[in-house]
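For the sequence shown, position 175 matches number 174 in numbering that gives the first Met the number 0, and the numbering has no gaps at all. Just so you know, even glycine gets a beta-carbon here, dropped at the ideal spot from N, CA and C.
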Amino acid sequence: MNIVGIIPARMSSSRFPGKPMKDIHGMPMIGHCYSRASMCNILDDVYVATCDEEIYNYIISIDGNVVMTSDKHERASDRVAEALIKIEDNRKKKYEIVVLLQGDEPMTTPEMIEKAVNPLILNNDLDITNLYTKIDSIQSFEDPNEVKVVMDLNEFAMYFSREPIPSRKKGCDVVPMYKQVCVIPFRRDFLLKYNSMAQTPLEIIESVDMMRILENGISIKMVHIDEDNSSVDTPEDLSRVIKIMKNDVLMKKYLL
């Protein structure tokens, strides 16, 4: 089974411009994301997809795989889909699973990627999975940068929101608090189908792409991990991740 990991990255983030190239222990953040994904044996190939020459030139400088994409994309999945077609044309092969990885989650591990992909390998009825993990503080639960998820009893997503769900305002202080971790494997054809779907009302309201899938009646299998894969959305997040990664065992294997 041919599986590709694609990391969309752009310099013009509205919340933190230039963040893919921000330094973390002597390497740009996008370099950490690429290096760690490349250590995952389940992926046949790993690419960065970007519209920025600075990112493109950096990945080339570390002998990485990179593809230039349009600067008109508003969603990561659109950039990944364009990159996928270009990669397949270049490599003269077709992938069966495409893993959307994040260029602002430098703590992603090969094990996380494997856990996310395995359900698609084992169950042909699934088109997409998402990772999720426990939220460990009320502050994070109420942080709009964290996408929360509630699931049914079989670990299929019921709803995603940037608001704290389920509610703690009904006299119940202890509620299940989980967040989406953005390692997202798609079956190839489903990724292209997803990108052809019109945006949906709740997707727009919640500002969460996965709502488009749920609103079209398609199941998203959630896969639990214990790790907290912190994303970098602000300079404060970057400082926190730098501290956390100071003693990162995986980083020592590729950062020489």
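- By the Cβ neighbour-count rule, G170 is exposed, with fewer than 16 other Cβ atoms within 10 Å of its own.
- For N89, there are no CB contacts under 6 Å within the same chain when 5 residues up- and downstream are skipped.
- According to DSSP, I127 shares a beta bridge with F185.
- Counting other Cβ atoms within 10 Å of its Cβ, H223 stays below 16 and is therefore classed as exposed.
- M157: member of the beta strand (DSSP E) spanning 156-160, first to last residue.
- Inter-residue distance for K245 and E104 is about 15 Å (C-alpha atoms, whole angstroms).
- Taken through DSSP and simplified to helix, strand or coil, D43 comes out as coil.
- DSSP places M28 within a helical segment (H, G or I) once states are collapsed to three.
- In this structure, V182 and V248 do not form a Cβ contact; the two beta carbons are roughly 19 Å apart against a cut-off of 8 Å.
- For D51, the three-state secondary structure derived from DSSP is coil.
- Per DSSP, V180 is one residue of the beta strand (DSSP E) stretching across 177-180.
- With contacts defined as CB atoms closer than 8 Å, I241 and S229 fail to qualify as a contacting pair.
- Close CB contacts of V65 within its chain, under the 8 Å cut and outside five residues either way in sequence, are with Y46, V47, A48, T49, I54, Y55, I58, I59 (chain order).
- For L99, the uninterrupted beta strand (DSSP E) segment begins and ends at 96-99.
- Between E113 and I41, the CB-CB gap stays under 8 Å.
- Contact annotation: L191 and K21 have beta-carbon atoms that are not nearer than 8 Å.
- Judged by DSSP in its simplified three-state form, K133 adopts strand.
- Around the C-beta of I212, 16 or more other C-beta atoms lie within 10 Å, and the residue is accordingly described as buried.
- Secondary structure at K92: coil, using DSSP grouped into helix, strand and coil.
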